């Protein structure tokens, strides 16, 4: 008799609760998928109208800039007998009027870059955030050489630790 009481089939309210919770989970998954799709595709054009012309007029023209390349630099790291090397390639973002002045100062810029990178510890270079710090330090030092108006930004195009 005790076995019959414990093995009764689930009642309708228990089955309804299971179905309701399964439907709630499916609805939440569907809403999440729809939200992801909207975020991924930014917007879904439901009508035949295109906002391409409106968005094209919203873009601002780019400021006049020029890029002065810095030749790739290879620097030995660590002790004299070590075989680790750092290879750095970069571009300087400058105003077009300053491009020739900055190019004329390139030997001093290369000296500043070499001096700084030789002083950086190998363990610091292996850190994931090292590139951001190195870029900021190099840009500050380059601005000291060229003047604050000379260089707007330093763009790292190659950073290889071997």
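In this note's numbering, the protein residues as written are 51 to 212.
Beta carbons: idealized from backbone N, C-alpha and C, even for Gly.
These numbers come from a predicted model, not from an experiment.
Measuring straight from C-alpha to C-alpha, what distance separates residue i and residue j?
| i | j | result |
| --- | --- | --- |
| residue 186 | residue 83 | 40 angstroms |
| residue 128 | residue 208 | 20 angstroms |
| residue 118 | residue 142 | 5 angstroms |
| residue 172 | residue 136 | 9 angstroms |
| residue 158 | residue 140 | 15 angstroms |
| residue 175 | residue 204 | 18 angstroms |
| residue 211 | residue 179 | 14 angstroms |
| residue 148 | residue 162 | 19 angstroms |
| residue 78 | residue 72 | 10 angstroms |
| residue 202 | residue 177 | 26 angstroms |
| residue 65 | residue 76 | 17 angstroms |
| residue 74 | residue 134 | 57 angstroms |
| residue 80 | residue 63 | 25 angstroms |
| residue 138 | residue 153 | 18 angstroms |
| residue 70 | residue 87 | 26 angstroms |
Indicate whether residue i and residue j have their beta-carbon atoms separated by less than 8 angstroms.
| i | j | result |
| --- | --- | --- |
| residue 125 | residue 164 | yes |
| residue 170 | residue 184 | yes |
| residue 155 | residue 196 | yes |
| residue 12 | residue 200 | Only positions 51 to 212 of the chain appear in this structure, which leaves residue 12 out of reach. |
| residue 122 | residue 144 | no |
Can you give me the start and stop residues for the beta strand (DSSP E) that residue i sits inside?
| i | result |
| --- | --- |
| residue 206 | 203-211 |
| residue 121 | 116-126 |
Assuming residue i and residue j form a contact by the criterion Cβ under 8 angstroms, report the distance between their Cβ atoms to the nearest whole angstrom.
| i | j | result |
| --- | --- | --- |
| residue 181 | residue 206 | 6 angstroms |
| residue 114 | residue 146 | 5 angstroms |
Give the list of continuous beta strand (DSSP E) stretches no shorter than 3 residues that lie fully inside the stretch 129-181.
135-144
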